[in-house]
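Remarks on the structure that follows.
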Amino acid sequence: MNVSELPARKRVLGLDYGSKRIGVAISDPLRIIARALCVLKNSPAILDELRSVVQEHDIGEIVVGMPLTLKGEKGAKALEVSEFTAMIRDGLGLPVHDLDERFTSRVAQETIRMMGVKKSKRQSKEAVDASAAALILQQFLDRRASRNVNYPEATEET
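Using the working numbering, you'd call the opening residue of the sequence shown number 26 and step up by one each time.
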């Protein structure tokens with residue numbers, strides 16, 4: 026069976042939460058590749074905006090970056106993200122996962138720089154937020170794929 030014969034599945038939404046902005050990324054229908062989609066303003070209307078994105082892009086689950094401390098613990102920002110995660114889980118009725126997002130914004134900035142993007146565009150916080158969401162989502166997709174890989178059983182030669 027080739028890739029074109031595989032059934033399409035609902036996409037996964039990736040979110041990079043921020044107090045002012047939320048970076049948004051989506052997967053392809055086969056859940057292999059993540060791409061930055063947009064940045065939404067973090068406002069009281071965020072749940073309605075996310076609901077529109079979910080409906081428009083046929084989303085089946087969501088992953089949110091969890092800002093753990095360098096020691097891997099939850100600080101004040103992580104507690105804020107946990108509240109956001111609970112709100113979207115209850116409001117959208119979809120499975121919501123969290124994923125350690127340490128250093129994703131820094132990696133996103135470096136990736137944008139390496140792509141040769143002009144300095145004015147690189148300094149755009151929106152571009153960094155959307156790229157960070159894509160990195161979070163790609164890590165989630167890669168980890169899930171690595172757990173579902175069927176490796177051939179080792180055979181013992183006698």
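Glycine is no exception: its CB is placed at the ideal position from the N, C-alpha and C atoms.
> Over what stretch of residues does the beta strand (DSSP E) that includes D125 continue unbroken?
Replying inline: V121 to D125
> Does the Cβ of R56 have 16 or more other Cβ atoms within 10 Å, making it buried, or fewer, making it exposed?
Replying inline: buried
> Grouping DSSP H, G and I as helix and E and B as strand, with all else coil, what is I57?
Replying inline: coil
> Where does E86 sit, in a helix, a strand or coil, going by DSSP?
Replying inline: strand
> What did DSSP end up calling G39 once you bin it into helix, strand or coil?
Replying inline: strand
> Under 8 angstroms between the Cβ atoms of G85 and V37?
Replying inline: yes
>> Using beta carbons (cut-off 8 angstroms, strictly below), is E108 in contact with chain B?
In response: The structure shown contains no chain B, having only a single protein chain.
> Is E81 buried or exposed, if buried means 16 or more other CB atoms sit within 10 Å of its CB?
Replying inline: exposed
>> Can you list, in chain order, the residues of its chain with a C-beta nearer than 6 angstroms to that of L119? Leave out the 5 residues immediately preceding and following it.
In response: E86 and I87
> Does the separation of the CB atoms of L124 and Q163 fall below 8 angstroms?
Replying inline: no
> Residues bridged to K66 by DSSP?
Replying inline: R46
> Do three or more CB pairs link the stretch 99-112 to the stretch 48-62 at distances below 8 angstroms?
Replying inline: no
> In this structure, what does DSSP give as the bridge partners for K102?
Replying inline: Answer is none; K102 lacks a bridge partner.
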